[in-house]
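J.: Supplied in structure tokens, the structure appears directly below.
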Amino acid sequence: MFALPDAWRQVFSIISLPAAHSCPAAGAVPTNSSKPRLALVRGVPHTFSSCITMEKPEAAIDVELARKQHSDYVNILRGSLLVDHVVELSPMDEFPDCPFIEDTAVVIGSKALITRPGASLRRGEVEAVEAELRNLGFEIHNVEPPGTIDGGDVLYVQNTLFVGKSMRTNSRGIEALARAFSPIPVVPIDVAETLHLKSVLSPLGRNSFLAEETFHAKQMLELIRKASMDSCDCVFTPHQGAANLLWVGNTLVYPSAYPCGSDLAELYANSAERVIPANISEFHKGDGGLTCLSIVID
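With the working numbering applied, the sequence shown corresponds to residues 13 to 310, in that order.
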């Protein structure tokens, strides 16, 4: 367990919620832990329907419904006692993508890398996130131009940082990640035909993954397999976007806007202590998944 930043320790000194469990990501064994857990989220701006997308959604984003879904998501984090404290940052209309807060920072232990998003229109989102993490006492690292990196490309499992080299994350950004979190191994994964690495695959439990049933997702998974000392199994889903799962402790939150057959439901139940559905259909229209909407800090 790392030493908590002093400011963060003060935050948690007034919280008496029950502690959750440590993350059962692939390659890790779920264990009980009294370590505090914090989540950062950001609200939905009026301009959310203008967020950046790879393709125009078939149906327009319903901003009011997105706000309700975001509120439900936060209530899952807070009300289900998945985290001890939720920090809610105010939305900013000049940044339609700002609810996708995951892309703005990578936090491991007492260190935080403030990203430089690959989409130039999103770079102003990081200022408020950096200020909040600095206020909480985290050791801040930054990405210098021309480096770019999105948090959605960073997957921390098996004590390794797998990072997608994508349309949003470049080699210089990956180098900045490696410097910030040295000596944690960093393994670049080429990402093609999708926005981020975590858009198409997620840990499903110990040494297993859920991935989209596409050629490119299978290629990415094979690179992860080769880099891992442990073999890992994979379950595939035919639904684009359905492979992004949110783990918080021993609880698995899955995207209920996509069909979930009995086989997959059984896998979820066998992988997690608790399984919670979350409908974020309006965020899927903006190329977002469950992990995109928060920065969960163990």
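Cβ atoms here follow ideal geometry from the backbone N, Cα and C, with glycine treated the same way. In this text the structure is predicted, and so the values were computed from the model without any measurement.
Taking only beta-carbon positions, decide if arginine 146 is within less than 9 Å of chain D.
T.: The chain inventory of the structure shown lacks chain D, comprising one protein chain alone.
J.: Inspect the beta-carbon positions of aspartate 165 and histidine 228 and report whether they are closer than 9 Å.
T.: Going by C-beta atoms, aspartate 165 is not nearer than 9 Å to histidine 228.
J.: Whether or not the segment 122 to 133 and the segment 150 to 166 are in contact is what I'm after, with contact meaning three or more pairs of Cβ atoms, one per stretch, closer than 8 Å; do they touch?
T.: As far as the Cβ criterion goes, the segment 150 to 166 touches the segment 122 to 133, which means the pair count is three or higher.
J.: From this set, Pro271, Asn291 and Val118, which residue's C-alpha is nearest phenylalanine 174's C-alpha?
T.: Considering only alpha carbons, the answer is Val118.
J.: Quick check on the DSSP output: the alpha helix (DSSP H) that includes phenylalanine 295 runs from which residue to which?
T.: Here the alpha helix (DSSP H) through phenylalanine 295 covers 293 to 296.
J.: For the segment 208 to 227 and the segment 183 to 190, state whether three or more C-beta atom pairs, one from each stretch, are separated by less than 8 Å.
T.: Result no; under three Cβ-Cβ pairs closer than 8 Å.
J.: Measuring CB to CB, does leucine 189 end up less than 9 Å from valine 198?
T.: Yes, the Cβ-Cβ distance between leucine 189 and valine 198 is below 9 Å.
J.: Any chance you could list the beta strand (DSSP E) runs of at least 3 consecutive residues sitting entirely within the segment 201 to 227, in chain order?
T.: 213 to 217 and 220 to 224, all fully within the segment 201 to 227.
J.: Less than 8 Å between C-beta atoms, sequence neighbours within five positions excluded: which residues of the same chain meet that for valine 138?
T.: Contacts found: Thr116, Ala117, Ile126, Thr127, Arg128 and Pro129.
J.: When we look at the beta-carbon of lysine 68 and count the other beta-carbons within 10 Å, is it buried (16 or more) or exposed?
T.: Burial call: exposed.
J.: Distance, Cα to Cα, alanine 239 vs threonine 172?
T.: Cα-Cα distance, rounded: 9 Å.
J.: Determine the closest residue to serine 83 out of Ser178, Pro267, Leu276 and Gly55, with distance taken between C-alpha atoms.
T.: Cα-wise, what sits closest to serine 83 is Gly55.
J.: For arginine 191 and glycine 273, I'd like the C-alpha separation in whole angstroms.
T.: Rounded to the nearest angstrom, the two C-alpha atoms are 42 Å apart.
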